[in-house]
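Working notes, beginning with the structure itself.
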Amino acid sequence: MNRIFTQHILVPNHQSAQQLLVLFMDPNLPIESINLLLQKLTQHFPFAAIALIQARWTDEEKQITQEKEMRSLISKYSESLVDYIKKLQEHFHIASDATALISSGLASSICLDLIAEKKLLPGRFIGLMPLLVNYPQHISAQTTLHLFYNQDNPFISLPRIHADTQHLKEIDTDFTYDIFEHPYPFNDEILESMIKRILNTIPLRIIREVHKSQSKDDKTWS
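So for the sequence shown, our numbering puts the first residue at 807; every next one is plus one.
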């Protein structure tokens, strides 16, 4: 692919892809967790193309915990990541609103920053342990965020989780968040919650469009 990323792509059998799921995962995530995630996604989204992309992290990058260092990661990986996802969308003829970006740990913080900067606007972002590195003033309603946190984790403290989610509320972000007691990373309970959030959450932009349409109809018949 390029010197920064490696890739693995799963495509639906004998079908054109109707959705695109892009997985950009934490470098420290065990392969067993990735396999469990892939198993759940292929089970619930049989018509989706699934792309697993992995950054070629250095040993030093894998240990990053400070926000200043995270900003350097964002600068390093963001342009190539955005370019690659757009090429995937073009290849499979998938629009942004039918694209979901799934990420964890350090990688999820990079993705969340790209969404906040409007450089990348998938229909859904599913982030496990994302840190809000740069507090934005606005996040586009084109993307619905589903954030998942563990109380006991190596990335982000519970007070910081509350601070980040409170900021997202204050800027009227379309998001859900769940906090689990289980240690990082994935387990069946977290994965099932992810699937339910994706399948059952109606994006706020759609709800607002429906309300706006109903309001116009009311005025027409008044």
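Quick reminder that beta carbons are idealized off the backbone N, C-alpha and C, glycines included.
Keep in mind the model is a prediction, meaning the values are calculated, not measured.
Going by alpha carbons, who is nearest to residue i out of the options?
i, options, result
"ILE908", "ASP889, GLN1020 and THR950", "THR950"
"THR864", "PHE853, ASN940, PRO833 and LEU858", "PRO833"
"GLN849", "LYS1018, PRO818 and PHE954", "PRO818"
"PHE851", "LYS1018, VAL1016, ILE932 and LEU1005", "LEU1005"
"ILE932", "ARG1014, THR1007 and PHE811", "THR1007"
Consult DSSP for residue i and reduce its assignment to one of helix, strand or coil.
i, result
"TYR883", "helix"
"LEU843", "helix"
"GLN813", "strand"
"LEU829", "strand"
"TYR862", "This sequence places Arg at residue 862; Tyr is not what is there. Residue state, collapsed to three classes: coil."
"ALA904", "helix"
"ASP889", "helix"
"LEU937", "coil"
"ALA768", "Look at the range of the chain in this structure, 807 to 1028, and you will see that residue 768 is not part of it."
"PHE961", "coil"
"ILE945", "coil"
"HIS856", "It should be noted that the sequence gives Ile, not His, for residue 856. Residue state, collapsed to three classes: strand."
"GLU1015", "helix"
"TRP1027", "At TRP1027 the pLDDT is 46, less than 50, meaning the model places this residue with poor confidence and gives no usable figure here."
Taking Cβ positions, are residue i and residue j nearer each other than 9 Å?
i, j, result
"ILE870", "ALA823", "no"
"ALA913", "MET831", "yes"
"VAL828", "ILE916", "no"
"ILE977", "HIS944", "yes"
"SER963", "LYS925", "no"
"ASN956", "ILE985", "yes"
"GLU995", "ASP958", "no"
"LEU894", "ALA861", "no"
"GLY929", "PRO1009", "yes"
My guess is that residue i and residue j are in contact by the Cβ rule of under 8 Å, so how many angstroms apart are they, rounded?
i, j, result
"ALA947", "ARG1011", "4 Å"
"LEU843", "LEU997", "6 Å"
"ASP919", "ILE859", "That belief does not hold up - the Cβ atoms of ASP919 and ILE859 are roughly 17 Å apart, past 8 Å."
"PHE954", "LEU934", "5 Å"
Going by DSSP, which residues form a beta bridge with residue i?
i, result
"ASP984", "PHE954"
"ILE977", "BP columns for ILE977 are empty, so no partner."
"PHE898", "Answer is none; PHE898 lacks a bridge partner."
"SER910", "LEU934"
For chain B, is any of its Cβ atoms less than 9 Å away from the one on residue i?
i, result
"PHE830", "Looking for chain B here will not work: only one protein chain is present."
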